[in-house]
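Data block below; observations after.
There are 2 protein chains.
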Amino acid sequence: MRIGELAERAGTSTRTLRYYESQGLVCPRRSANGYRVYDEAELRVVHEIRALLAVGFGLDDIRPFVACLRAGNSSGDVCPDSVAVLRRKLAEVDDYLDRLGAVRHQLHDQLARAIAHREETCLRTRSRAD
Amino acid sequence: MRIGELAERAGTSTRTLRYYESQGLVCPRRSANGYRVYDEAELRVVHEIRALLAVGFGLDDIRPFVACLRAGNSSGDVCPDSVAVLRRKLAEVDDYLDRLGAVRHQLHDQLARAIAHREETCLRTRSRAD
DNA sequence: GTTTGCCTTGACGTCGGCGGCAAGGTTTAG
DNA sequence: CTAAACCTTGCCGCCGACGTCAAGGCAAAC
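Chains as they are written, first to last, in the numbering used here: chain A, 77 to 206; chain B, 77 to 206.
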């Protein structure tokens, strides 16, 4: 399979696949004329990459998952390195959820106070107009 | 007050203040030699900018708050434009919280399954070793 | 005078995951 | 023969809030 076909089947672009290769995530063979040649297993790898990216992983974090798949595992998750990344990412997400919750709280209060202030000012203005 | 003093009192850098100026958020006078001259009120403005940036606002979103302060209000929050931005940002944060919660859920499940799989494999390996 | 420490503008670098274009080679179809 | 549709490498652009020089002007202390 050449790059165009893999791109289409994986729902991405050739540019993206070349970028993944430059980052060491995929390493296709080359045919006589220099064209990249991928085997079927690479489709699975690209799908794994895309799924993890969608969840918010960076390419560096994804590397262990790809290695895990290449090692012959049915899932990219089951190797120790992948589990370590999953744990770290879960912790990061929890942390971010906390901070984002605090931000939400602050925004909510700030909005409530701003509206209260405006109503108050409005009332004073009307009472002066009376 | 010149740029160095304002930077120090605001806890930021001169580069940052010049950047804010290039973005139209602050507009200092100039002394005879071309130096920027800020008055005391600008310190408040810079603090407002920094606080909103820390919460996750972009400079574009911050502009109405600065205008509100310049209009003489005791708080940058109380003007209609600011309130509109606050509402939008709150909605954005809520949305992001939802998605991040879903991601957390997925990560949690994925991690649990990976660990379960590893324990299972481990048990099978030991039983073969028996 | 000269060193020191402010200030000025301008322009390029950063991070990540690509998009897009240029300039060319290859292969297939008509 | 030629057009069309692939492929190759390489390099610039993007976004946002700055950091980091570079090259020079201005001011006060020694």
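We put the beta carbon where it would ideally sit given N, CA and C, even for glycine.
This one's a predicted model, so the numbers in the text were calculated from it and none came from an experiment.
Other residues of its chain near residue i: CB distance less than 6 Å, five sequence neighbours each side excluded
i	result
B:D137	V161
A:Y114	M77, L82 and P104
B:R164	none
Which of helix, strand or coil DSSP assigns to residue i
i	result
B:R112	strand
A:R126	helix
A:R180	helix
B:R78	coil
B:D174	helix
B:A147	coil
B:F133	coil
Close-in-space but distant-in-sequence residues of the same chain around residue i (CB under 8 Å, 5 per side omitted)
i	result
B:R126	A86, G87 and T88
A:L135	Y96, Q99, L101, I125 and L129
Short Cβ contact (8 Å threshold) for residue i with residue j
i	j	result
B:R146	B:R112	no
B:R92	B:G80	Here residue 92 of chain B is Thr; the residue named in the question, Arg, does not match the sequence. It is not a contact, given that the beta carbons lie outside the stated cut-off.
B:G132	A:V179	yes
A:L166	B:L187	yes
A:A143	B:S158	no
B:L183	A:V169	yes
Residue i: contacting residues in chain B (beta-carbon distance under 7 Å)
i	result
A:Y172	L176
Interface partners of residue i on chain B, CB under 8 Å
i	result
A:A190	S151, D153, V154, S158, V159 and L162
A:L183	V131, L162, K165, L166 and V169
A:R180	L166, V169, D170 and L173
A:Q99	Within chain B, no residue comes near A:Q99; the closest Cβ sits about 22 Å away, beyond 8 Å.
Contact set between residue i and chain B, taken where Cβ atoms lie within less than 9 Å
i	result
A:L145	What A:L145 touches in chain B: nothing, since even the nearest Cβ is about 13 Å away.
Chain A residues whose Cβ lies nearer than 8 Å to that of residue i
i	result
B:H193	S151, D153 and V154
Beta-carbon contacts of residue i that lie in its chain and below 7 Å, excluding the five residues immediately before and after
i	result
B:G152	E124, F141, V142, C144, L145 and S158
Chain A residues whose Cβ lies nearer than 9 Å to that of residue i
i	result
B:R135	Per the sequence shown, residue 135 of chain B should be read as Leu rather than Arg. By Cβ distance, chain A contributes nothing, its closest Cβ being about 17 Å from B:L135, past 9 Å.
*Continuous alpha helix (DSSP H) assignments of at least 4 residues falling wholly in the segment 87 to 112 of chain A*: 90 to 98
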